[in-house]
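See structure below.
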Amino acid sequence: MSDQAFPAIANAIKRLTGLHIEPEKYYLFEHRFPEVMKEHGVSSYAALLHEIEKGTNQKLISRVIEKITTHETRFFRDESIFDALVEQIIPEWKERNFQGAGDGQYPPLKIWSAACSTGQEPYSIAMMLAEFHLQLVRKTQIIATDISEESVAKAVQGRYTSFELSRGLPEKFRKKFFSETDGGAQINRTLLPAIEFKPMNLVTEPAPDRFDIIFCRNVAYYFAPDLRLALFQKMKAALKPEGVLVLGSAESLNGILTDYVLREFGLARYYEMNTANVTLFARKKKTE
Numbered sequence: 002m003s004d005q006a007f008p009a010i011a012n013a014i015k016r017l018t019g020l021h022i023e024p025e026k027y028y029l030f031e032h033r034f035p036e037v038m039k040e041h042g043v044s045s046y047a048a049l050l051h052e053i054e055k056g057t058n059q060k061l062i063s064r065v066i067e068k069i070t071t072h073e074t075r076f077f078r079d080e081s082i083f084d085a086l087v088e089q090i091i092p093e094w095k096e097r098n099f100q101g102a103g104d105g106q107y108p109p110l111k112i113w114s115a116a117c118s119t120g121q122e123p124y125s126i127a128m129m130l131a132e133f134h135l136q137l138v139r140k141t142q143i144i145a146t147d148i149s150e151e152s153v154a155k156a157v158q159g160r161y162t163s164f165e166l167s168r169g170l171p172e173k174f175r176k177k178f179f180s181e182t183d184g185g186a187q188i189n190r191t192l193l194p195a196i197e198f199k200p201m202n203l204v205t206e207p208a209p210d211r212f213d214i215i216f217c218r219n220v221a222y223y224f225a226p227d228l229r230l231a232l233f234q235k236m237k238a239a240l241k242p243e244g245v246l247v248l249g250s251a252e253s254l255n256g257i258l259t260d261y262v263l264r265e266f267g268l269a270r271y272y273e274m275n276t277a278n279v280t281l282f283a284r285k286k287k288t289e
């Protein structure tokens, strides 16, 4: 593994996706890119680099991104954060936003799943809302984005294999929110909050709206440090006052931004916009 184009390819991928690929991971190029090169008639890694930098062959670039990005996901990944969502985050949002009795007692609740992969995360969020906060189902809008067009297409379809369903999905939710198909099941979206899926590059595109809650899990971990900061600043700009940012269990804002307050609920940790201008770890409301 000594192709001279690999460092430049790594830099090009960083510019495109934010992913920081160390030299010891260059073997991924040899494992994942030959199929793309064959599809597009590219004969060498130098030629592949030229096509990426030229930027005119969007199908090739999309395939490169598809091959190099991580698609690991499952239903209710890090289960404790979903407990925090329905037992602390949403109840506190309801307290802040109560507008009186009747159909208009709450404003729309806007949630962004910022790296939704094949849809398990936004569907998990939607199922929890439908199960525990039914009155918010028709008032909730979930925007789910991912850099991979193939992953977004699968998420829109909402059909999962038995293996995919066995990874984290409670049996009672499968019975309630899915219809069985050959070898798997199809989600019934009529029972859930509205979900809009669309491709989006978190590095190069602006946030799609302003949100009450953002899930951006297991993304920053793979980013170069400078782009990690830019990502967190983009999330900050996309949050409403007192909005909530949920990161992956191995990710933290400590030492990066002071605009958030760390919150806890059981094993779950998340960040709330720091409207009171207090120290990051100083504000702790009660946990259940």
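For the sequence shown, the positions run 2 to 289 when this note's numbering is used. Note that the Cβ used here is the ideal one computed from N, Cα and C, for glycine as well. Fair warning: this is a prediction, and the values are worked out from it, not measured in the lab.
{"Query": "Using a Cβ distance threshold of 8 angstroms, determine whether the region 143–156 contacts the region 57–74, with at least three qualifying pairs required.", "Result": "yes"}
{"Query": "Given that a residue counts as buried once 16 or more other Cβ atoms are within 10 Å of its Cβ, and exposed if not, what is Leu110?", "Result": "buried"}
{"Query": "Taking contact to mean 3 or more Cβ pairs, one atom from each stretch, closer than 8 angstroms, check whether the region 5–18 and the region 43–50 are in contact.", "Result": "yes"}
{"Query": "Under the rule that 16 or more other beta-carbon atoms within 10 Å means buried, what is Met2, buried or exposed?", "Result": "Because Met2 sits at a pLDDT of 43, beneath the cut-off of 50, its placement in the model cannot be relied upon, and the following sentence gives the value as read from the coordinates. Burial call: exposed."}
{"Query": "Within the same chain, show all residues whose beta-carbon is closer than 7 angstroms to that of Gln59, passing over the 5 residues directly before and after it, in chain order.", "Result": "none"}
{"Query": "Going by alpha carbons, who is nearest to Ser152 out of Ala127, Glu122, Ile143 and Ala225?", "Result": "Glu122"}
{"Query": "Using 8 angstroms as the threshold, is the C-beta distance between Phe224 and His21 below it?", "Result": "yes"}
{"Query": "Pull up the distance between the alpha-carbon of Glu25 and that of Ala6, whole angstroms please.", "Result": "14 angstroms"}
{"Query": "Reducing DSSP to helix, strand and coil, say where Arg211 ends up.", "Result": "coil"}
{"Query": "Pick out whichever of Met201, Tyr46 and Arg78 has its Cα sitting closest to the Cα of Asn219.", "Result": "Arg78"}
{"Query": "Looking at Ser81 and Phe216, is the spacing between their C-beta atoms short of 8 angstroms?", "Result": "no"}
{"Query": "Identify every run of the alpha helix (DSSP H) within the region 39–74, keeping only runs that are complete inside it and at least 4 residues long; order them along the chain.", "Result": "46–55 and 59–69"}
{"Query": "So does the region 188–206 actually touch the region 131–147, counting three or more Cβ pairs closer than 8 angstroms?", "Result": "yes"}
{"Query": "Leaving aside the five residues before and after Ala208 along the sequence, list all residues of the same chain whose C-beta is less than 7 angstroms from its C-beta, in chain order.", "Result": "Lys235, Ala238 and Ala239"}
{"Query": "Can you tell me where the beta strand (DSSP E) with Gln121 in it begins and where it stops?", "Result": "Per DSSP, Gln121 belongs to no beta strand (DSSP E); it is in the alpha helix (DSSP H), Gln121 to Phe133."}
{"Query": "Can you tell me whether Phe307 is helix, strand or coil according to DSSP?", "Result": "Residue coverage of the chain in this structure runs from 2 to 289, which leaves residue 307 outside it and unanswerable."}
{"Query": "Taking C-alpha atoms, which residue in Glu243, Met38, Ala251 and Ala154 lies nearest to Trp94?", "Result": "Glu243"}
{"Query": "So the candidates are Lys39, Leu17 and Tyr222; which of them puts its Cα closest to the Cα of Ile62?", "Result": "Leu17"}
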